[in-house]
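So the sequences go chain by chain: D and R. Residue numbering for the first sequence follows my numbering, beginning at 5 and increasing consecutively. Residue numbering for the second sequence follows my numbering, beginning at 18 and increasing consecutively. Just so it is clear, CB atoms sit at the ideal spot from N, CA and C, and this is done for glycine as well. Remember, predicted model here, so these are calculated numbers, not experimental data. Contents: one structure, followed by commentary.
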Amino acid sequence: MTGTQTPAVVEMRGLSTVIGDHYVHRNLDLRVESGQIVGLIGGSGSGKTTLLRQILGLNRPAAGSVSLFGENLADEDPVSQRAMLRRLGMLFQGGALFSALPVFDNIAFPLRELKCLDSDWIRRLVHLKLAMVELEPGHGKLMPAELSGGMVKRVALARALALEPELLLLDEPTAGLDPDRSQSFADLLRQLQGELGLTVIMVTHDLDTLARLATHVAVLAEQRIVEFGQLAEVMAGEHPLAAAFRGGVQTQVL
Amino acid sequence: MNLSPRLQVESGKVVLTGQWTLSELLPGLKELEARLAGDDLATLPWDLSSVSRLDSAAAVLLWRTWNERWPVELVASEMQRRALERVAAMPSAEASSTLSTPGLVERVGYLVLALFDNMQGLVVLYGQMLLDLVHLVRHPSEMPWRELAANIYKAGAMALPVTALVGFLIGVTISYLSALQLRNFGADLFIVNILGVSIIRELGPVLVAVLVAGRSGSAMTAQIGVMRVTEEIDALSAMGVSRSIRVVLPKLLALTVVMPMLVLWASAIALLGGMFSALLQLGIPFPYFVENLQRAVPVANLVIGLGKGLVFGFVIAWVACHFGLRVKPNTESLSANTTRSVVTAITLVILVDAVFAIMTRNVGIPQL
């Protein structure tokens with residue numbers, strides 16, 4: 005973040021995504037600034053996860069562009085592409101843990117890929133991340149298949165946080181967590197955001213988390229972002245989806 | 018504003034500036050580590066007030082520089098102090114987990130145990146199959162016809178082109194090489210005996226078995242394995258559908274039924290290839306070859322060949338399903354079991370073939 009003119013962390017312009025012969029997004033615009041925690045809401049199958057995949061460069065835009073930290077991911081050569089991807093962490097909906105590796109190695113994996121840190125440093129960092137998501141060091145020996153659904157989510161979050169990312173993409177982060185854990189998850193993200201100026205884009209249906217955490221809300225419907233703005237603003241808006249969410253959120257806020 | 022993390026010693030005080038984050042540390046890490054380790058910095062007072070960001074990776078670096086003790090004097094913000102406290106709260110070094118490498122005796126022991134374990138699994142699977150068959154005789158409506166047909170199509174019909182190609186080429190090759198030798202002895206006509214007995218009795222069944230083990234055996238193991246990884250097998254059980262009747266039995270029956278037919282098909286094409294080569298090399302016409310084939314190769318050979326096909330088919334599917342059910346829900350186990358399935362199936366096929374050879378040593382040998 006270079007003092008004066010800070011480029012948007014994520015900027016999508018006129019983005020269209022086509023899967024098969026079906027338009028998922030059509031002429032979609034979204035701009036997320038540094039330090040924002042954006043809740044991405046929308047109906048099932050409205051293309052929320054696909055939008056996250058666009059940011060990661062896993063799907064190619066059919067039209068338009070996606071830029072990360074002010075640069076277009078598709079234009080970069082592999083080396084700087086990797087450097088860009090290291091600045092973000094992704095929590096996949098199903099966790100996407102490496103099933104052949106124990107929890108410790110799953111979290112250590114991105115750190116080892118840097119090939120700069122010694123094993124003691126990595127061990128301490130992994131244990132720090134485990135503590136952050138309220139897991140014991142002993143859990144590091146478990147295999148992903150031995151974890152409960154909520155633990156998978158927390159390990160995946162620890163892995164997403166391993167490289168101290170500037171941008172965190174979360175796909176349904178609190179699905180499968182009990183209310184206490186969702187609360188501490190929200191606290192953790194808020195704390196990280198305060199300390200490190202983290203930017204977060206999260207897909208969520210969890211109104212608790214949305215109300216507690218999001219500074220901004222983007223509503224994805226009709227293949228584009230129909231509303232984007234501060235939480236309170238969007239929730240007061242006219243769109244039926246916002247209205248549907250509003251009922252829930254108001255009870256949370258009150 | 019300068020981003021890169023810097024360290025200066027000013028009037029007996031260590032002053033840090035810049036962003037102390039992992040991404041900013043990485044480019045100049047070696048230099049920085051050398052500087053941190055160089056002088057006896059740990060004993061000096063530290064000033065972090067000009068550090069714009071401090072993440073946990075940097076906190077670990079500092080804590081290690083201080084030899085895991087707080088420095089005599091530390092100027093830091095509340096947030097930086099909290100980041101450092103979190104690192105300080107970590108146990109410094111865990112009792113290094115002693116991963117003892119097993120000795121030779123231990124390893125052999127594990128192998129023997131694994132062998133017994135697998136044999137037990139195979140016997141259990143066989144027993145389950147017999148129980149399922151009894152169950153199906155009593156409740157014929159539960160017969161999984163649809164799965165059976167699908168498996169016959171996948172393992173049988175889809176395998177026709179590749180078995181034909183390989184069979185034809187092997188027939189041509191054997192015929193060609195034998196013809197070169199036979200011509201030296203003027204024993205041209207014996208090409209019919211050589212091709213007939215070797216292909217129908219031995220090569221046909223074994224070749225097809227190796228192809229099918231690699232083609233269908235691996236597919237069966239992988240399919241059942243992935244169904245275990247994704248909990249589909251459990252979903253079936255939850256719906257009250259027997260996984261052994263719906264998943265395992267159709268594969269066993271289909272491959273057992275289909276293999277003799279594949280053997281017949283591949284042997285016929287191999288003989289065709291052999292005839293073709295014999296015509297070109299030795300000038301033996303087709304009608305003459307076919308007529309002599311009936312005389313030179315007793316029907317018993319065909320029965321033995323097809324019988325072998327039947328047994329090989331069962332063995333391949335049996336082994337494939339066994340290893341598929343042993344897959345643990347991770348990718349490593351899936352690949353290991355698929356490999357084991359193919360290797361074990363081919364080995365067992367060769368073993369069974371040897372048993373066949375001994376048991377049928379007096380049957381079907383043409384008397385001259």
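C-beta contact flag for residue i and residue j at 9 Å
i	j	result
Pro267 of chain R	Asn168 of chain R	yes
Met16 of chain D	Ser71 of chain D	yes
Val77 of chain R	Gly234 of chain R	no
Lys119 of chain D	Arg163 of chain D	no
Asp72 of chain R	Leu200 of chain D	yes
Met146 of chain R	Val328 of chain R	no
Pro177 of chain D	Met206 of chain D	yes
Ala106 of chain R	Thr82 of chain R	no
Val221 of chain D	Leu214 of chain D	yes
Val104 of chain R	Pro62 of chain R	no
Leu53 of chain R	Leu20 of chain R	no
Val258 of chain R	Val344 of chain R	no
Gln34 of chain D	Leu60 of chain D	One detail in the question is off: residue 34 of chain D reads as Leu in this sequence, not Gln. In this structure, Leu60 of chain D does not lie closer than 9 Å to Leu34 of chain D by Cβ.
Ala181 of chain R	Ile333 of chain R	no
His26 of chain D	Arg228 of chain D	no
Thr203 of chain D	Gly39 of chain D	yes
Gly180 of chain D	Gly198 of chain D	no
Leu151 of chain D	Leu129 of chain D	no
Arg90 of chain D	Ser40 of chain R	yes
Ile382 of chain R	Gly290 of chain R	no
Gly29 of chain R	Ser67 of chain R	no
Thr190 of chain R	Cys338 of chain R	no
Ala112 of chain D	Arg127 of chain D	yes
Leu153 of chain R	Glu159 of chain R	yes
Cβ distance (whole Å) where residue i is taken to contact residue j below 8 Å
i	j	result
Asn318 of chain R	Val214 of chain R	6 Å
Gly242 of chain R	Gly341 of chain R	5 Å
Gly51 of chain D	Leu224 of chain D	6 Å
Ala398 of chain R	Arg232 of chain R	Given that chain R is displayed from residue 18 to residue 385, the structure contains no residue 398 of chain R and the question cannot be resolved.
Arg263 of chain R	Leu279 of chain R	Not confirmed; about 24 Å, so no contact.
Ala166 of chain D	Ala100 of chain D	With a Cβ gap of about 14 Å, Ala166 of chain D and Ala100 of chain D do not count as contacting.
Gly74 of chain D	Pro169 of chain D	Not quite, the Cβ-Cβ distance comes to about 16 Å (not below 8 Å), so this is no contact.
Gly144 of chain D	Phe108 of chain D	3 Å
Ser103 of chain D	Thr348 of chain R	5 Å
Ala283 of chain R	Leu224 of chain R	6 Å
Ala388 of chain R	Gln298 of chain R	No statement about residue 388 of chain R is possible, as the shown extent of chain R runs from 18 to 385 and does not include it.
Between the CA atoms of residue j and residue i - distance to the nearest angstrom
i	j	result
Leu220 of chain R	Gly330 of chain R	15 Å
Asn76 of chain D	Arg57 of chain D	14 Å
Trp37 of chain R	Glu48 of chain R	14 Å
Ala295 of chain R	Ile367 of chain R	29 Å
Val238 of chain D	Gln195 of chain D	24 Å
Thr21 of chain D	Gly68 of chain D	9 Å
Met276 of chain R	Gly173 of chain R	7 Å
Thr208 of chain D	Gly43 of chain D	7 Å
Val285 of chain R	Val336 of chain R	Note on identity: in this sequence residue 285 of chain R is Ala, with Val being the wrong assignment. Distance between the alpha carbons of Ala285 of chain R and Val336 of chain R: 28 Å.
Pro65 of chain D	Pro141 of chain D	41 Å
Leu192 of chain D	Gly93 of chain D	15 Å
Gln256 of chain D	Glu226 of chain D	Because the pLDDT of Gln256 of chain D is 49, which lies under 50, any placement of that residue in the model is unreliable, and the question is left without a value.
Gly326 of chain R	Arg200 of chain R	33 Å
Val14 of chain D	Ala78 of chain D	14 Å
Ala75 of chain R	Leu33 of chain R	12 Å
Leu288 of chain R	Leu212 of chain R	7 Å
Glu248 of chain R	Thr53 of chain D	23 Å
Val372 of chain R	Ser117 of chain R	41 Å
Glu50 of chain R	Asp175 of chain D	37 Å
Gly7 of chain D	Asp57 of chain R	Note on Gly7 of chain D: pLDDT 43, under 50, position unreliable in the model; the coordinate value appears next. Computed Cα separation, rounded: 34 Å.
Val141 of chain R	Thr377 of chain R	29 Å
Met244 of chain R	Pro157 of chain R	26 Å
Phe13 of chain R	Val183 of chain R	Within the shown structure, residues of chain R are numbered from 18 to 385, placing residue 13 of chain R beyond reach of any answer.
Per-residue contacts from residue i into chain C (C-beta, under 7 Å)
i	result
Thr38 of chain R	The structure shown contains no chain C; its protein chains are D and R.
Under 9 Å (Cβ pairs) to chain R, residues found in the stretch 86 to 106 of chain D = Ala87, Arg90, Arg91, Phe102, Ser103, Ala104 and Leu105
Interfacial residues, the stretch 167 to 197 of chain D to chain R, with Cβ spacing under 7 Å = Leu167 and Glu168
Completely contained beta strand (DSSP E) runs for the stretch 183 to 207 of chain D, where each covers 3 or more residues | 203 to 207
For the stretch 274 to 341 of chain R, which segments carrying the alpha helix (DSSP H) assignment without a break, of at least 4 residues, lie completely within its bounds, in sequence order?
-> 303 to 313
Which runs of the alpha helix (DSSP H) spanning at least 4 residues fall entirely within the stretch 180 to 245 of chain R, listed in chain order?
-> 208 to 214 and 221 to 229
Which of the residues in the stretch 58 to 72 of chain R, read from start to end, lie with their CB under 7 Å from any CB of chain D?
-> Arg70 and Asp72
At a Cβ cut of 7 Å, what residues of the stretch 217 to 246 of chain D count as close to chain R, listed as they run along the chain?
-> none
Give, in chain order, every residue of the stretch 49 to 72 of chain D whose Cβ lies closer than 7 Å to some Cβ of chain R.
-> Listed in chain order, the positions of the stretch 49 to 72 of chain D with a beta carbon within less than 7 Å of a beta carbon of chain R would be empty, since no residue qualifies.
For the stretch 111 to 132 of chain D, enumerate the residues whose C-beta is nearer than 7 Å to any C-beta of chain R, in chain order.
-> Contact annotation: in the stretch 111 to 132 of chain D, residues whose CB is within less than 7 Å of a CB in chain R are Leu118, Cys120, Trp125, Arg128, Leu129, His131 and Leu132.
Which runs of the alpha helix (DSSP H) fall wholly inside the stretch 62 to 106 of chain R and span at least 4 residues, in chain order?
-> 73 to 82 and 95 to 106
Where the stretch 79 to 101 of chain R meets chain D: residues whose CB sits under 9 Å from a CB there = Trp80, Arg81, Met96, Gln97, Arg99 and Ala100
Interfacial residues, the stretch 243 to 254 of chain R to chain D, with Cβ spacing under 8 Å = Val246
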